[in-house]
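A.B. asks: Under UniProt numbering, the sequence shown has 231 at position 231, and the numbering climbs by one with no breaks. The beta carbon of each residue, even a glycine, is placed where N, CA and C say it ideally should be. Quick one: the structure is below, questions incoming.
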Amino acid sequence: MKIGILLCGDVPAELVDTFGSYAECLRAQLKLDECDSVTVWDLYQAGELPDDINQCDAYIVGGSPSGVHDDLDWVHRLPQFIRSAFFGRKKLFGICFGHQVINHALGGVVKRSEKGWGLGVYDVQLRQDIGSLKAGHNLQLIAVHQDQVIRPGQGFEVVAGNRFCPNYITRYKNQVLTVQGHPEFNGPFFNALLSHRTEKFKPEEIKKAQVTDDSLICNRRFNRAVNEFLAS
Numbered sequence: 001m002k003i004g005i006l007l008c009g010d011v012p013a014e015l016v017d018t019f020g021s022y023a024e025c026l027r028a029q030l031k032l033d034e035c036d037s038v039t040v041w042d043l044y045q046a047g048e049l050p051d052d053i054n055q056c057d058a059y060i061v062g063g064s065p066s067g068v069h070d071d072l073d074w075v076h077r078l079p080q081f082i083r084s085a086f087f088g089r090k091k092l093f094g095i096c097f098g099h100q101v102i103n104h105a106l107g108g109v110v111k112r113s114e115k116g117w118g119l120g121v122y123d124v125q126l127r128q129d130i131g132s133l134k135a136g137h138n139l140q141l142i143a144v145h146q147d148q149v150i151r152p153g154q155g156f157e158v159v160a161g162n163r164f165c166p167n168y169i170t171r172y173k174n175q176v177l178t179v180q181g182h183p184e185f186n187g188p189f190f191n192a193l194l195s196h197r198t199e200k201f202k203p204e205e206i207k208k209a210q211v212t213d214d215s216l217i218c219n220r221r222f223n224r225a226v227n228e229f230l231a232s
């Protein structure tokens, strides 16, 4: 399995020494080093995209501080690549911004939510199985988002959600899987990230969102299911 990471954002420079780069977080949390190869394209800074979709078997579109409607060259170019990969039958996995832009590129609707920020850990209920994750169970992942997928992409099914974020996990057959949360984040990293976002969030919002018990987050179980999806 050859994996491609489309880098749409990165870890703040002051946190890299402690937690690594965003690509390194993905490698570690998703255990991507067990794949045959992992190639990173720096899309958001260098404008890099694969020359040929066949360079990889699957592509991961990660998180970003940007939104799908931002007037940025790389944001405009990404949906066409997603469509090319999709119609070329490549697997796609999207995280947060990646979840939104994949649905956007394939016929869905993404908007700023009237409900405000999704910040911290909140429960969503699985409506369908994702590999070893079974329907009916609650899933807890870290979230940082204002925008939401209001209508999933054409032919997509909603796998998990709640009243705040109804379309939290979406899937297209066995080819595309997307999640609004951040399975690549752990508690210590998220808390450090919040401490560097004081211009964006109020002190009481930061205090409420901080992760006090890392064991409550379902990263390992969810990431195992992601690996099952990518390998299937």
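Identify the continuous alpha helix (DSSP H) that holds residue 5 and give its terminal residues.
C.D. replies: It is not in any alpha helix (DSSP H) - residue 5 instead sits in the beta strand (DSSP E) that spans 2-7.
A.B. asks: Using three-state DSSP, classify residue 215 as helix, strand or coil.
C.D. replies: Correct three-state label for residue 215: helix.
A.B. asks: Taking its Cβ as the centre, do 16 or more other Cβ atoms sit within 10 Å of residue 226, making it buried, or is it exposed?
C.D. replies: So residue 226 counts as buried.
A.B. asks: Considering only residues of the stretch 68-117, which uninterrupted alpha helix (DSSP H) runs meet the minimum length of 4 residues and lie entirely inside it, listed in chain order?
C.D. replies: Qualifying alpha helix (DSSP H) stretches, in chain order: 73-87 and 97-105.
A.B. asks: Counting pairs of Cβ atoms below 8 Å between the stretch 84-104 and the stretch 61-68, do you hit three or more?
C.D. replies: Output reads yes: the stretch 61-68 touches the stretch 84-104.
A.B. asks: Identify which residue in 186, 66 and 109 has its Cα closest to the Cα of residue 18.
C.D. replies: For residue 18, the nearest C-alpha among the options comes from 186.
A.B. asks: Since residue 27 is in the alpha helix (DSSP H), which residue starts that stretch and which ends it?
C.D. replies: Per DSSP, residue 27 belongs to the alpha helix (DSSP H) from 22-30.
A.B. asks: Taking C-alpha atoms, which residue in 203, 146 and 88 lies nearest to residue 69?
C.D. replies: Of 203, 146 and 88, the residue nearest in Cα terms is 146.
A.B. asks: For residue 79, I'd like the list of residues in its chain whose CB is within less than 7 Å of its CB, leaving aside the five on either flank, ordered along the chain.
C.D. replies: Counting only Cβ-Cβ distances below 7 Å, and skipping sequence neighbours, we find 101, 104 and 105.
A.B. asks: Can the beta-carbon of residue 218 be found less than 8 Å from the beta-carbon of residue 140?
C.D. replies: Yes. Within cutoff.
A.B. asks: Take residue 117 as the anchor and find which of 181, 34, 38 and 8 has the nearest alpha-carbon.
C.D. replies: Of 181, 34, 38 and 8, the residue nearest in Cα terms is 181.
A.B. asks: Can you name, in chain order, every residue of its own chain whose Cβ lies under 8 Å from the Cβ of residue 49, other than the five neighbours on each side?
C.D. replies: 6, 41, 43, 77, 78 and 81, listed in sequence order.
A.B. asks: Indicate whether residue 159 and residue 128 have their beta-carbon atoms separated by less than 8 Å.
C.D. replies: Yes, Cβ-Cβ distance for residue 159 and residue 128 is below 8 Å.
A.B. asks: Leaving out five residues on either side along the sequence, give the residues of the same chain with a beta carbon under 8 Å from the beta carbon of residue 197.
C.D. replies: Closer than 8 Å at the Cβ level, and outside the excluded window around residue 197, lie 206.
A.B. asks: DSSP state of residue 17, grouped into three classes?
C.D. replies: In the structure shown, residue 17 sits in a helix (DSSP, three-state: H, G or I).
A.B. asks: For residue 140, which three-state DSSP category applies?
C.D. replies: It is a strand residue.
A.B. asks: Taking all protein chains shown into account, do 16 or more other C-beta atoms lie within 10 angstroms of the C-beta of residue 156, making it buried, or fewer, making it exposed?
C.D. replies: So residue 156 counts as buried.
A.B. asks: Which residue wins for smallest C-alpha separation from residue 239, given the options 144, 93, 220 and 138?
C.D. replies: As displayed, the chain neither begins before 1 nor continues past 232, which places residue 239 out of reach and without an answer.
A.B. asks: What three-state label does DSSP hand residue 232 in the structure shown?
C.D. replies: DSSP places residue 232 in coil when its eight states are reduced to three.
A.B. asks: Could you work out which residue in 83, 136, 92 and 175 is closest to residue 161 when comparing CA atoms only?
C.D. replies: Answer by Cα proximity: 136.
A.B. asks: What alpha helix (DSSP H) runs, 4 residues minimum, are completely inside the stretch 187-214?
C.D. replies: Segments of the alpha helix (DSSP H) lying fully in the stretch 187-214: 187-195 and 203-209.
A.B. asks: Just confirm the distance between the C-beta atoms of residue 36 and residue 1, as a whole number of angstroms; I'd bet it's less than 8 Å.
C.D. replies: With 8 Å as the limit, residue 36 and residue 1 qualify as a contact, their Cβ atoms being about 6 Å apart.
A.B. asks: Would you identify the three-state DSSP class for residue 33, choosing helix, strand or coil?
C.D. replies: Residue 33 falls in the helix class under three-state DSSP.
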